[in-house]
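To keep things clear, I will list the structure first and then write my remarks on it.
Number of protein chains: 2
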Amino acid sequence: MLAEHVLAAFRFALGEDRVFADGGTCALYASDETPKSVLPDAVLFPASHDDVVALMRIAHAHGVAITPRGAGSGNVGGALPAPGSVVVSFECMRRVLEFIPGDRLVVVEPGVVTEDIDRLARSAGLFYPPDPGSGAYSRIGGNLAMNAAGPRAVKYGVTRDWVLGLVAVTGSGETVRTGCRTTKGVTGLDLTRLLVGSEGTLALITEATLKLAPVPDTVATLRLCFASPRAALDAVGRVMQQPVLPSALEFMDARAIDAIRPTGAADDLAPGTRALLMVEADGAHEDVPRQIDALQAALAGEGLLEMRSGFERADIVRLWAARKSLSHAVKKIAPLKINEDVVVPVSRLADFVDFVDATAQSQHLPIVSFGHAGNGNLHVNLMVHPDDADEMARARAALDALMARVLALGGTLSGEHGIGTEKRRFVPMEIDAPTLEIMRAIKRVFDPRGLLNPGKLFPD
Amino acid sequence: MLAEHVLAAFRFALGEDRVFADGGTCALYASDETPKSVLPDAVLFPASHDDVVALMRIAHAHGVAITPRGAGSGNVGGALPAPGSVVVSFECMRRVLEFIPGDRLVVVEPGVVTEDIDRLARSAGLFYPPDPGSGAYSRIGGNLAMNAAGPRAVKYGVTRDWVLGLVAVTGSGETVRTGCRTTKGVTGLDLTRLLVGSEGTLALITEATLKLAPVPDTVATLRLCFASPRAALDAVGRVMQQPVLPSALEFMDARAIDAIRPTGAADDLAPGTRALLMVEADGAHEDVPRQIDALQAALAGEGLLEMRSGFERADIVRLWAARKSLSHAVKKIAPLKINEDVVVPVSRLADFVDFVDATAQSQHLPIVSFGHAGNGNLHVNLMVHPDDADEMARARAALDALMARVLALGGTLSGEHGIGTEKRRFVPMEIDAPTLEIMRAIKRVFDPRGLLNPGKLFPD
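These protein sequence lines are chains U and B, in that order.
Heads up: the first sequence is residues 1 to 460, going by the working numbering.
Heads up: the second sequence is residues 1001 to 1460, going by the working numbering.
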């Protein structure tokens, strides 16, 4: 339990109304999207960079662990409070500090909602490309911590690719200023990209300078029904070997389609559909039809049952209906979704999906797969009943087998969700001991007392 | 001087034919493109990752400083031997270890020539986008160390954006394996991008997994003559505020044009030309004419004297003649070129070029400016006589003023050349003390004895 004099120090530094230690508030900040819950000792709501410096100095002086938090929309436990820690919520730091369309940049505090940045950018003919599924409510600070991404990553890259510079507070309360405001810059070590994706273990980001892109004139969508996952993923391979980069290249496997059948969202799919691809192209009005032609040519092949295109908003929404209904439908299969987020080289996707199917059969588990196929990024969801010990043991065995196969295929454990608390045990399978030791030593540089988001990212 | 038993240890580990300590070899490796020269104590030519581990362990055990070297084509002293150091040349590590067009990746050793990677990629319809001016002879290891870039960066980004993973050897001889083989991956801290641009101060890169892109069908070029630098740079600003990204957007100022007049390369410029822009568009055959139309529309404006376009190879070469003749022509102005590589936000470029002109006048110095205007990256060349003490003092004063102005405008010291030995004194103007201390501490993590490229990147 947090000592009363430490709580008093936080109150003195931040103000009474920014420090909560009551059971109700602590309960509200006890969990993220993982099915776990740990009560923090208190919740702090800093309003400025200076507040963050002040609270971190107090935490450092008294050895108080800090769990930084955006919207709590992560699903790997990144914002799950470490036992005995104080949550630092960035909700109140939501100012846009600068917006300079002429230099295609915006400077924001970490509590700004991701889609609000995009909306602001669009007011000046620009956009913010990273589009995590949680973008309507996730905070940019959480996106930065986890290096969030979404469907547009296949064309536009991930959060890390859109960050020019950061201001952050280390575990000892020092301010670091990284990067620059220009699209090129090689002065000093690249701390900016080191902090992005470090899951709050190195420093608390208090300000981010983000790069923006000109908004494309228009978007068009293709929805393709295939007779098998392999046929669909072979088509993905063909798309990624020609020059037109789609702005989304999403895959749903047979179980995902089965999951949405009760909702009616699969009614307009071609009979016999066992895999679905959603493909988008964006760009200038004049270019998009030609891009769509090129993508259609690459996508056509054995096992393609039907291809529909949409160029108008209403048609596009209709085509996406099957994919958009998935998240909700999957939850009906079983009470608990163990949500993996693996990546394999695009050329190995079909082999990996076969392996997932074989594992689902051998372990008698429903496994629903879908994801960002153009990046080789597959969300593999094991649907289980947490009170069924035998099923949970099979799920664990299945996970171990899946992760081993991912790595054997030259893949990586996580494409966009991160490691958090949930995937730490797999990390040593991917990162060897000397490299992990370098990462731990860098952690000690930023956070000598080990106070920042303990129990995340690094394996025990 | 290197102790005989250390030399013997290197010879035993690498073989006699990979260790040279004779005056002739040492003289060949005493300099890079800076006008300086420091004799190393020996030159090592490792042939494999294991050789690099072996030599680094010996260096670590005996406290021998290492100066890593690609082609020595850098111009900030990055490969200039530290006094009493041993040069490690990666020339003999030039194997392509893997080339997988289906996954758009190539795995190379550091000694592969940059353009050879591009050539290999093109054999399969792909290309390697970073295009430093030295690409015909620079080694990819040097590009990685300095985070090299070139004209295409305005559309395609810099070296760092095309690296998926690395194998490297730390200052204590440990092997680190960073990153992944896929276009997404968030497992662990991002050591890959930390090592890129670290100028050989953290680890010796022995293997790099590089991302490739589909090669565009075609390229077209515009050459634009303007009545003033400000008119040209205003046009740059307009280009960067519309959606069509050019694949090059290069600027030459009035003094650069004056410099090429004696060569005849300026003969076909419009009368009264005081600034030149070179603009390229690349993409699909069908798209490029429309892109050129859009770029022309954005470029047109006050002060534009003439705009010529080229769609065929011969025309394109003719249009680039003025720009390509520049490097050679500039050298005739004075014996020494002090080559700065600053970046300012695109919206401040015209102000900065005005300041450069004012500085050139007040310090009575010829200053030739040209560069990658779409990134705000300007090569500012102070042409001086090194034996003229008064001129050198004025050059130093001019440099100090220029750097201060760059930073005041929100810019950065170097866009692509790096810091090396030559710009270290300016670093504390851009990076504050606590952030520099974090960088130094990270350096100690990788290189506890401070043996890797001492005297580079970090200020004293």
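Every residue, glycine too, gets a C-beta built ideally from N, C-alpha and C.
(Q) Any beta carbon of chain U sitting closer than 8 Å to that of Gly1371 of chain B? (A) No, Gly1371 of chain B does not count as interfacial toward chain U.
(Q) At the level of alpha carbons, what is the spacing between Gly1024 of chain B and Val1163 of chain B? (A) 36 Å
Q) Going along the chain, which residues of the region 1054-1078 of chain B sit with their C-beta nearer than 7 Å to a C-beta in chain U? A) none
Q: Please report the residue range of the beta strand (DSSP E) in which Ile1066 of chain B lies.
A: 1066-1069
Q) Is there contact between the region 286-293 of chain U and the region 393-412 of chain U, where contact requires at least three CB pairs shorter than 8 Å? A) no
Q. Taking the C-alpha atoms as reference points, what is the distance between Gly1197 of chain B and Val186 of chain U?
A. Here the alpha carbons of Val186 of chain U and Gly1197 of chain B stand approximately 7 Å from one another.
Q. Is Leu1269 of chain B closer than 8 Å to Ala1505 of chain B when the C-beta atoms are compared?
A. Missing from the structure shown is residue 1505 of chain B; chain B here goes from 1001 to 1460 and no further.
Q.
Suppose you measure from the CA of Val1086 of chain B to the CA of Thr1175 of chain B; what does that come to, to the nearest Å?
A. 20 Å
Q) So what does DSSP say about His60 of chain U, is it helix, strand or coil? A) helix
(Q) If contact is defined by three or more beta carbon pairs under 8 Å, each pair taking one atom from either stretch, is the region 170-184 of chain U in contact with the region 1411-1428 of chain B? (A) yes
**Q.** Cut-off 6 Å between Cβ atoms - residues of its own chain near Glu98 of chain U, not counting five sequence neighbours on either side
**A.** Val107
Q | Length of the line joining the Cα atoms of Gln1241 of chain B and Ala1298 of chain B | A | 9 Å
Q) Which residues does DSSP pair with Pro214 of chain U in a beta bridge? A) U:Leu126
Q) What residues in the region 178-190 of chain U have a beta carbon less than 9 Å from any beta carbon of chain B? A) Thr178, Gly179, Cys180, Arg181, Thr182, Thr183, Lys184, Gly185, Val186, Thr187, Gly188, Leu189, Asp190
Q) From the beta carbon of Arg1290 of chain B, is the nearest beta carbon of chain U less than 8 Å away? A) yes
Q | Cys1225 of chain B - partner residues in DSSP beta bridges | A | B:Leu1276, B:Glu1306
**Q.** Against chain U: residues of the region 1099-1110 of chain B by CB proximity under 9 Å
**A.** Result list: Ile1100, Pro1101, Gly1102, Asp1103, Arg1104, Leu1105.
Q) Looking at C-alpha atoms only, which residue of U:Ala148, U:Glu416, U:Ile316, U:Gly125 is the closest neighbour of Glu340 of chain U? A) For the residues U:Ala148, U:Glu416, U:Ile316, U:Gly125, the minimum Cα distance to Glu340 of chain U belongs to U:Glu416.
**Q.** Inter-stretch contact at 8 Å, needing at least 3 Cβ pairs: the region 145-154 of chain U / the region 117-125 of chain U
**A.** no
Q) What does Asp1282 of chain B pair with, by DSSP beta-bridge criteria? A) B:Val1219
Q: Report yes if the C-beta distance between Gly1420 of chain B and Val1088 of chain B is below 8 Å; otherwise report no.
A: Contact annotation: Gly1420 of chain B and Val1088 of chain B have beta-carbon atoms that are not nearer than 8 Å.
Q | Interface flag, Met240 of chain U vs chain B, CB-CB below 8 Å | A | yes
Q) chain U beta carbons: is any one of them nearer than 8 Å to that of Leu1194 of chain B? A) yes
Q: Have a look at the DSSP bridge pairing and note the partners of Thr1412 of chain B.
A: B:Val1343
Q | Close Cβ partners of Leu195 of chain U (< 7 Å) along its chain, the five nearest in sequence each way excluded | A | Leu166, Ala168, Thr178, Leu202, Ala203, Ile205
**Q.** Cβ pair Arg424 of chain U, Phe458 of chain U closer than 8 Å
**A.** yes
**Q.** Through-space distance from Ala21 of chain U to Asp461 of chain U, alpha-carbon basis
**A.** Because chain U spans 1 through 460 in this model, residue 461 of chain U falls outside it and cannot be assessed.
Q) Does the ligand SAM have even one heavy atom less than 7 Å from the beta-carbon of Thr263 of chain U? A) What this structure holds is no ligand at all, so the ligand SAM is not there to describe.
Q: Establish whether the CB of Asp432 of chain U and some CB of chain B are separated by less than 8 Å.
A: Interface residue, yes.
Q | Nearest to Asn1377 of chain B (by Cα), restricted to the options B:Phe1446, B:Thr1263, B:Met1252 | A | The shortest Cα separation from Asn1377 of chain B among B:Phe1446, B:Thr1263, B:Met1252 belongs to B:Met1252.
Q) If we count Cβ pairs, one from each stretch, closer than 8 Å, do we get three or more for the region 1205-1225 of chain B versus the region 1122-1138 of chain B? A) yes
Q: Give every residue of the same chain whose Cβ lies closer than 6 Å to the Cβ of Ser1031 of chain B, excluding the five residues on either side of it in the sequence, and list them in chain order.
A: Ser1037
Q: Jot down the residue ranges of each uninterrupted beta strand (DSSP E) in the region 1111-1180 of chain B, minimum 3 residues, whole runs only, in chain order.
A: Taking only runs of at least 3 residues, the beta strand (DSSP E) segments lying wholly in the region 1111-1180 of chain B are 1163-1170, 1175-1179.
Q.
Only counting the same chain, and skipping five residues up and downstream in sequence, which positions put a Cβ closer than 6 Å to that of Ala1054 of chain B?
A. Ala1013
Q: Starting from Asn1377 of chain B, follow its DSSP beta bridges and name the residues at the other end.
A: B:Val1343, B:His1372
Q) Looking at Leu305 of chain U and Gly272 of chain U, is the spacing between their C-beta atoms short of 8 Å? A) yes
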